[in-house]
Amino acid sequence: MANGPTLITTTTVGSATPSVTFGTISQSYSDLYIIGSMRNSANNDGALVRFNGSSSSIYYERSLYSSGSAAGAQITGAGAAQTQFLGYGNMTPSTYTANGYSNFSIYIPNYSGTIIQKAATQFGTAENNATGVTLYQWIWTWASTAAINSITFTAGSSGNIAAGSVISLYGITKA
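Under the numbering used here, the sequence shown has 63 at position 63, and the numbering climbs by one with no breaks.
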């Protein structure tokens, strides 16, 4: 049985910034859990996510999404390795409903282990009152056995993480 999450840190963006990093993450937990609410200052609804600042081509992902009456699945990069995770649904673009922020969660089990590659799941929404809500589910694999000691969110190919965005990092200890 797992213990409840323990808040490690929260970042609230005061003025638009290109990235938010959780650095020097304690290795004393079993799993990490991130929840957030973000908005982009430009027309871009995806935040890029990197572990340990690595830009090596060792990031893999799969996704499912639903938007109104449309649904789909995609293999980003046709399953090819990438240099970061693309988290659509974790950052609402500026062209969506004014003052609207996405909501997302990311769960990373065994982040401090050094024997197996890391996996993570992300659930997110991007709300636009004009067209509805898009729901996303991502499955990520980071092909590294290194313990995760930092996580960086970057505002995709354009814009910045908007003021008022909030990201919280929690540690979970298994009993």
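We put the CB at the ideal spot given by N, CA and C, even for glycine.
- Between residue 49 and residue 151, the C-beta gap is smaller than 8 Å, which places the two residues in contact.
- Residue 158 carries a coil assignment under DSSP once its states are collapsed to helix, strand and coil.
- Nearest C-alpha to residue 19 among 112, 165, 171, 96: 165.
- Under the three-state reduction of DSSP, residue 107 is assigned to strand.
- Here residue 153 is not near residue 16, since their CB atoms are 8 Å or more apart.
- Within its own chain, the residues whose Cβ lies closer than 6 Å to the Cβ of residue 11, once the five positions on either side in sequence are excluded, are 20, 167, listed in chain order.
- Here the alpha carbons of residue 51 and residue 145 stand approximately 12 Å from one another.
- For residue 168, the enclosing beta strand (DSSP E) stretches over residues 166–172.
- Between residue 102 and residue 126, the C-beta gap is smaller than 8 Å, which places the two residues in contact.
- In the structure shown, residue 117 falls within a coil segment according to DSSP collapsed to helix, strand and coil.
- According to the DSSP secondary-structure assignment, residue 144 is paired through a beta bridge with no residue.
- If you look at residue 13, you'll find it isn't in any beta strand (DSSP E); DSSP assigns it neither H nor E.
- The beta carbons of residue 161 and residue 108 sit no closer together than 8 Å.
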